[in-house]
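Structure first, commentary second.
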Amino acid sequence: MTYMTNPKELLSYFSVTPDEADIYLALLKLGTAAVSEIASKIKKNRTATHFHLKKLLAKELVIESNHGRTLLYTAIPPADLAARFDRLTTDFKSLVPQLEALQTIEVDAPRVQVSESRAGYFKVYDEISSLPEGSTFYVIEGATALNSELTLLSNTETTNFFSKIIARKIATKLILTAEATQIPNTLISPTNLVLLHQREMSVRTYPESALPFQGLTIMYGSTLAYLFPQTNLVVTIKHAGIADSFKATFDTLFTLGQEYKF
Numbered sequence: 249m250t251y252m253t254n255p256k257e258l259l260s261y262f263s264v265t266p267d268e269a270d271i272y273l274a275l276l277k278l279g280t281a282a283v284s285e286i287a288s289k290i291k292k293n294r295t296a297t298h299f300h301l302k303k304l305l306a307k308e309l310v311i312e313s314n315h316g317r318t319l320l321y322t323a324i325p326p327a328d329l330a331a332r333f334d335r336l337t338t339d340f341k342s343l344v345p346q347l348e349a350l351q352t353i354e355v356d357a358p359r360v361q362v363s364e365s366r367a368g369y370f371k372v373y374d375e376i377s378s379l380p381e382g383s384t385f386y387v388i389e390g391a392t393a394l395n396s397e398l399t400l401l402s403n404t405e406t407t408n409f410f411s412k413i414i415a416r417k418i419a420t421k422l423i424l425t426a427e428a429t430q431i432p433n434t435l436i437s438p439t440n441l442v443l444l445h446q447r448e449m450s451v452r453t454y455p456e457s458a459l460p461f462q463g464l465t466i467m468y469g470s471t472l473a474y475l476f477p478q479t480n481l482v483v484t485i486k487h488a489g490i491a492d493s494f495k496a497t498f499d500t501l502f503t504l505g506q507e508y509k510f
């Protein structure tokens, strides 16, 4: 993946023209300014500057205010712009399952991806937190994987993930080994423990003697992910039939497990 360091190039991906980008970036430096000051800063005439400002106003990238008879303009903070783009991206990702359902060609072969990087691990979390509102994802996890998972995630990363799935009302059905249940209390910060309790979560447990499992398996949509936090290895399999088979096994285990509340 190529990461862009040119702000104008990045803004162009969000329908911002080069002239509009010049004005937005100039306003970040100027703070609040009149048309004449902006035009001088970007070395354009006032008429052209005013035209592009109106476009930026329509795109809600600048704010217009009055100071007496003078119109002043202020760029929205970059953090607000980033949050807006993040919401749009998340909303689009939530539509992906619906768009995929429109495909008329049935693909029989499963799509398998293998990653040995931290980025692959967080790609799974990003896809989960971008599921359609009200979705449910399914997890089977052992003590070794849970301990490594919570060590891998920073407090901020955990907060962001928890907050997104709470906001989107994404539920979790979780099967844990009994030995893993106390790990969150020792590795999760007090703030994130509060968020953990706010999540819509149903948990069932088994003693390790009955479920000798130390890994982490997650199913969301038609994707089955096998994660190994100790080594950053992630294997994802996207196939409706395989996901359905896992779900049937999961439901049986969940029904027979011991209920647990965090």
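Quick note: the sequence shown uses our numbering, first residue 249, plus one each step. Cβ coordinates follow ideal geometry from the N, Cα and C atoms, glycine included.
Reduced DSSP secondary structure (H/G/I, E/B, other) of residue i
{"i": "residue 510", "result": "coil"}
{"i": "residue 312", "result": "strand"}
{"i": "residue 385", "result": "strand"}
{"i": "residue 418", "result": "coil"}
{"i": "residue 336", "result": "helix"}
{"i": "residue 424", "result": "strand"}
{"i": "residue 365", "result": "coil"}
{"i": "residue 353", "result": "At residue 353 the pLDDT is 49, less than 50, meaning the model places this residue with poor confidence; the figure from the coordinates comes in the next sentence. In the structure shown, residue 353 sits in coil (DSSP, three-state: anything other than H, G, I, E or B)."}
{"i": "residue 360", "result": "strand"}
{"i": "residue 194", "result": "Summary: the structure shown does not reach residue 194, with the chain confined to residues 249 through 510, and so no result is reported for it."}
{"i": "residue 429", "result": "coil"}
{"i": "residue 493", "result": "helix"}
{"i": "residue 377", "result": "helix"}
{"i": "residue 395", "result": "helix"}
Through-space distance from residue j to residue i, alpha-carbon basis
{"i": "residue 311", "j": "residue 367", "result": "36 Å"}
{"i": "residue 295", "j": "residue 265", "result": "17 Å"}
{"i": "residue 486", "j": "residue 375", "result": "13 Å"}
{"i": "residue 359", "j": "residue 273", "result": "42 Å"}
{"i": "residue 490", "j": "residue 269", "result": "47 Å"}
{"i": "residue 494", "j": "residue 500", "result": "10 Å"}
{"i": "residue 398", "j": "residue 435", "result": "6 Å"}
{"i": "residue 417", "j": "residue 319", "result": "43 Å"}
{"i": "residue 481", "j": "residue 465", "result": "12 Å"}
{"i": "residue 400", "j": "residue 431", "result": "14 Å"}
{"i": "residue 325", "j": "residue 429", "result": "42 Å"}
{"i": "residue 342", "j": "residue 309", "result": "25 Å"}
{"i": "residue 297", "j": "residue 322", "result": "14 Å"}
{"i": "residue 302", "j": "residue 502", "result": "57 Å"}
{"i": "residue 259", "j": "residue 317", "result": "32 Å"}
{"i": "residue 433", "j": "residue 381", "result": "28 Å"}
{"i": "residue 508", "j": "residue 339", "result": "32 Å"}
{"i": "residue 369", "j": "residue 479", "result": "10 Å"}
{"i": "residue 365", "j": "residue 371", "result": "10 Å"}
{"i": "residue 330", "j": "residue 337", "result": "10 Å"}
Any non-hydrogen atom of the ligand SAH closer than 7 Å to residue i Cβ
{"i": "residue 495", "result": "Among the components modelled here there is no ligand, and therefore nothing to report on the ligand SAH."}
Anticipated Cβ contact below 8 Å, residue i with residue j, distance rounded
{"i": "residue 390", "j": "residue 461", "result": "4 Å"}
{"i": "residue 498", "j": "residue 373", "result": "The Cβ separation is near 19 Å, so there is no contact."}
{"i": "residue 275", "j": "residue 286", "result": "7 Å"}
{"i": "residue 379", "j": "residue 468", "result": "6 Å"}
{"i": "residue 439", "j": "residue 407", "result": "7 Å"}
{"i": "residue 412", "j": "residue 450", "result": "Wrong, their Cβ atoms sit about 19 Å apart, outside the cutoff."}
{"i": "residue 488", "j": "residue 448", "result": "Not quite, the Cβ-Cβ distance comes to about 24 Å (not below 8 Å), so this is no contact."}
{"i": "residue 477", "j": "residue 396", "result": "4 Å"}
{"i": "residue 403", "j": "residue 437", "result": "5 Å"}
{"i": "residue 409", "j": "residue 444", "result": "The pair is not a contact, with the Cβ atoms about 11 Å apart (cut-off 8 Å)."}
{"i": "residue 267", "j": "residue 300", "result": "5 Å"}
For the structure I just gave you, are there three or more beta carbon pairs, one from the segment 414–433 and one from the segment 451–461, closer than 8 Å? Touching, yes, given that three or more Cβ pairs across the two stretches are closer than 8 Å.
Spell out a yes or no on whether the segment 280–293 and the segment 305–321 are touching, meaning 3 or more CB-CB pairs, one atom from each, closer than 8 Å. Contact holds between the segment 280–293 and the segment 305–321, because three or more Cβ pairs, one in each stretch, are under 8 Å apart.
With a floor of 3 residues, list each beta strand (DSSP E) that falls wholly inside the segment 260–325, ordered by position along the chain. For the segment 260–325, whole beta strand (DSSP E) runs of length 3 or above, ordered along the chain, are 280–282, 310–315, 318–323.
Please give the ranges of any alpha helix (DSSP H) in the segment 433–485, keeping only runs that are unbroken, at least 4 residues long and fully inside the region. Entirely contained in the segment 433–485, the alpha helix (DSSP H) runs reaching 4 residues are, in chain order, 438–446.
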